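Structure first, then comments.
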Amino acid sequence: MNRKLYIVLLLIILLESSCSVNKLLPEGEKLYAGASLTVVKPDTLAAANLQSELQSVIIPQPNTTIFGFPWKVWFNLKFKTDKEKGFNHWLSTTIGKPPVIYDPDQTRQVIDLLENRAQNLGHFKAKAESTVDEGAKRAKVQYTVKAGIPYRIDSLELNIRDTTLSRRIQALESGSEIHLGKIFSLDDLKAERIRLEDSLREAGYYYFSANNLEYFADTVSSTGERKVELLLKLKNDLSSQQLIPQRIKAINIYPNYDPAIGAHPDSTGIHSTGIRLFCNECTLKEESLTEAFAIRPGQLHRPSTHRKTLERLSNLNTFKYINLRYDSVPGTDSLLVLNAFLSPRAKRTIEGDVGITYNTGRYLGPEISLQYSNRNLFRGAEYLTLNGSYAYNTFLGPADQATIPKWTKFSAGASLSVPRFWLPNRKKLSKDLQYANTRIKLSLDNENLGFRLANLSTQINDLGLTSLQEKLAADPTFTPPVNLSNYQLKYGYNWQKINTIQQEVNPLVIRLQTVNVDDPELLALFRAFSVGEQSSLVRLERMQLFSPDYTFLYDSRKADKVKAQNIFYRQRLSFNVNRVTPLSGADNPAPETSLFLQWETDFHYYYTLKQGRQLASRLRAYAGYPITKTATIPYFDLYTVGGSNSLRGFPPRGVGPGSIVPNSEDDFTIFTGYGNILLEANVEFRQRLGTYFEVAPFIDVGNVWQYRTQSDVPQAEFSFDRLLPELAIDAGIGFRYDLDFLIIRTDFAWPVTQPWLPEGERLVIGQFFNGSWWWDNLNFVLAFGYPF
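As structure tokens, this is what we get:
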């Protein structure tokens, strides 16, 4: 059966299903097929802008269709049942959606909405009308709006009876949303009221609200012009509190507050800052607690200092609940008391995990982890964590198929986070910052890999490694261990001044890599895999690295105002000095030093549309750039693509470097998939299907390359001439189930191009309908959370 026949059958099925939907509709009802809108206005450019605004008020939204077929309606009506459970009920209510029925009353309502929205946009004399295209079982509405010439703002006057408040509002004119000569817009008036509210509250007007202000408009018509005169005034019957700045008279802190018991009446005294603490055994030292308060007695109330205080208290990680309550002082109209009710968390916690892991390389084994936390080590909100984990994995397949039949990994670490800067002659929190932390971290990772030398017998014989030959002859299952250890010491700072920007600097980062083998010939065997055409960036040598770094992070989604378009930007810079000390048996035992810079850029763009749609995209550009002629880059600083959060049509490390053919999961002799240059781009279109489900078609593009490393493989080297032809591309569709607290994600992806194939043969998606290609090349992903 050829492809054309498939298409013909699909069209027949859709036509038949569409007819069956008409039969399933109740008698006398017609399916609403949507609406079109025409705006008649002299200014065609402005008409286009006006059209998008008017389009947003047209209701209802028609049912979703595929080639005109309302498939959700078909599911709803076809499987409709009186039962509240069962498969038919699930198909009807979850997959299906009720039909949107044409309603003449709603059409008249939309006409009123269109005229109202046009008037709110300055077209005070707009008129709307409708015509209906009705069929036997379908109805489509055509709306026409005659907008006319818009009214423009001619003047704006203030009528504020309070002199002080009037002067403050006049001083805020420079940032006004209202401009003379601009087309009248009700949204501009609302935005201006909110701007004035925000500005006045920042000046201490705690009780002031945008609703305290009202606009009056008077239209003026002249030849060819439409003008409107605006008057801004205070509403009547406002209290004196709403018109007077509020000062903080006192601050009372209850650091051991229990909602079930209430506030403790006993006070430990007044701190030098004028803050009173109420606790018998305070959770934190007075200095540490009062330092978190950006507010002080005698100051005007400001939302910015309120938010800063909340951020600092939250950053302490000591309190479970934080409630800052402002109460007016009886008998006054300008004083507030701040009562801070803080409920502490458990100081010490111990948690652990026990599980079993399995990966696509057919390795299975147990994994255990344990962590101890102390959130208040020295009563200054110092956060100490001690953690450890152990994993053991063994190969499940035939022994002769695994070069590494088993491996174990042990990790341990300790970290201390202090909620302030520890700098010479300064251990306090800057008043300009929302929060700041000093972090110290020490970690150890140890991997023990057993290598089955029987799988490497050919290489051993070619290299003439007599000791290994003898051991292998005596015991064909001989599996010597290789022990890899990595140590890291990190000291640094991170801070935040505004919600959207975080920064981190680590002036001291020291990393050590050590390798232990029992037989020098085993090391010679591994070195043979790191030269020539089987070269790798991975070297089994002792390395000492000094790697200070800086990270800048911007996330517009953390701004106070919700926006349709948001970006996430992360920039990391690192300077690395790597001193390599070869192990015994090397041709050149002298230590060597290389320098390289790391530049890592992540850029995400999110565009949230209406009806549960979002366009999400990401661009990643990473580079480990050698400063010396070449550089030895440790494997933990190399980049890879592929897997659940990268190129989803390829397995982890399943692409690159360059046009190198990827190796199998259990082939140790060729290290592929690693590079010191990475480029990747991802785009997906997310569409909500009801409350819990989401579908997202996507496309991923990327690869890794090597650049000026000690490797010498031309196919792996980065070159602008080969950049585009060597990009791997995949495409697919994802399904997500949103549980509010967790998103379960399944992605189905196929390769579009495979860069390791000969030029001219790399585009492979054309084979999708050839036999079982689509099944053999399907990459299935089960993961949690969004990929980016």
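Okay, so the sequence shown: first residue is 96 according to this note's numbering, each after it adds one. Beta carbons: idealized from backbone N, C-alpha and C, even for Gly. Just so it is clear, the structure is predicted and the values come from calculations on it, not from any experiment.
Same chain, Cβ closer than 7 Å to residue i, neighbours up to 5 away in sequence not counted
i: F879; result: L837, I838, I839, R840
i: A221; result: E210, A213, Q214, V240, K241, A242, G243
i: L411; result: A387, A476, P514
i: T413; result: T378, L379, P439, R440, R470, N471, A476
i: E789; result: R781, Q782, R783, R831, D833
Same chain, Cβ closer than 6 Å to residue i, neighbours up to 5 away in sequence not counted
i: T133; result: T239
i: N469; result: R443, L479
i: D871; result: none
i: S538; result: G508, Q583
i: D422; result: V432
i: Q394; result: I343
i: N874; result: G744, A844
i: A286; result: E272
i: N578; result: N543, N611
i: D448; result: S464
8 Å Cβ cutoff met for residue i and residue j
i: L338; j: S280; result: no
i: W502; j: G545; result: yes
i: A234; j: Y127; result: yes
i: Y734; j: Y717; result: yes
i: L275; j: L308; result: no
i: L603; j: K592; result: no
i: G483; j: S506; result: yes
i: I755; j: V675; result: no
i: N740; j: P615; result: no
i: L251; j: L325; result: yes
i: F162; j: S187; result: no
i: I828; j: V847; result: no
i: W800; j: F813; result: yes
i: A81; j: L714; result: Since the displayed the chain opens at 96 and closes at 883, residue 81 lies outside it and no answer follows.
i: I264; j: L284; result: no
i: N543; j: P571; result: no
Residue i (DSSP reduced to helix, strand or coil)
i: K871; result: Reading the sequence as shown, one finds Asp at residue 871 and not Lys. Helix, per DSSP.
i: D353; result: strand
i: T239; result: strand
i: V633; result: Confidence at V633 is low in this model, with a pLDDT of 49, below 50, so the placement of that residue should be treated as unreliable; the coordinate-derived value is given next. V633 falls in the coil class under three-state DSSP.
i: E446; result: strand
i: V116; result: helix
i: W851; result: coil
i: K380; result: coil
i: A619; result: helix
i: K526; result: coil
i: G492; result: coil
i: D282; result: helix
i: T385; result: helix
i: R440; result: coil
i: T553; result: helix
i: N211; result: helix
i: S423; result: strand
i: R831; result: strand
i: W517; result: coil
i: P721; result: strand
i: N476; result: In the sequence on display, residue 476 carries Ala and not Asn. In this structure, A476 counts as coil in the three-state DSSP scheme.
i: N471; result: coil
Rounded separation between residue i and residue j - CA only
i: E381; j: A509; result: 27 Å
i: A791; j: Q782; result: 6 Å
i: Y702; j: S651; result: 12 Å
i: Y246; j: K322; result: 5 Å
i: N673; j: L618; result: 21 Å
i: I772; j: I728; result: 12 Å
i: S304; j: L327; result: 14 Å
i: L774; j: Y645; result: 21 Å
i: P514; j: L267; result: 37 Å
i: Y664; j: Y530; result: 20 Å
i: L710; j: Q660; result: 10 Å
i: V778; j: V195; result: 32 Å
i: F436; j: G426; result: 24 Å
i: A486; j: E462; result: 4 Å
i: F698; j: A494; result: 45 Å
i: K180; j: K173; result: 16 Å
Contacts around residue i, its chain only, beta-carbon distance under 8 Å, and the 5 residues preceding and following it disregarded
i: E297; result: R397, P398, S399
i: L491; result: R457, Y458, L459
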